[in-house]
């Protein structure tokens, strides 16, 4: 009798602020290659909001593509979003991810970078059995 081959992990991937799914996919090429023995499917999702024009980082717009965010900030802190005390759109992003998990799941894990890491942490806190693991890179605790 043969031993069943374990399936490779499916990972939901959430980009950072002022990025998009295609850009995050490109930037994680080395990580995906390093994980290919254990992770077989990476699903990248675009955030639903346009990023504030005052904070688009130092990457050329042609390279970056459309700048998106998982939530928006108050205008007074557009150039330093981490200082914001007002956040709008978090529920809409969570609904988008719930629908993505229903449509394209199940997922074994979630990978989030920066703002995507904060959202991934929030998603894990709200739905503790949704993922077996989380990879949170350069994020912070959800501020809400």
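Residue numbers (the working numbering): 19 to 162. Glycine included, C-beta positions come from ideal geometry on N, C-alpha and C. These numbers come from a predicted model, not from an experiment.
Which residues DSSP lists as bridging residue i, in chain order
i, result
"residue 105", "91"
"residue 68", "86"
"residue 152", "128"
"residue 37", "86"
Continuous beta strand (DSSP E) stretch holding residue i: start and end
i, result
"residue 57", "57-63"
"residue 28", "27-32"
Buried versus exposed, by CB contacts within 10 Å (16 or more), residue i
i, result
"residue 58", "exposed"
"residue 38", "buried"
"residue 48", "exposed"
Boundaries of the alpha helix (DSSP H) in which residue i is found, first to last residue
i, result
"residue 183", "As displayed, the chain neither begins before 19 nor continues past 162, which places residue 183 out of reach and without an answer."
"residue 51", "47-52"
Residue i CB to nearest heavy atom of the ligand FAD below 7 Å
i, result
"residue 126", "The ligand FAD is absent from the structure shown, which contains no ligand whatsoever."
Collapsed DSSP secondary structure at residue i in the structure displayed
i, result
"residue 118", "helix"
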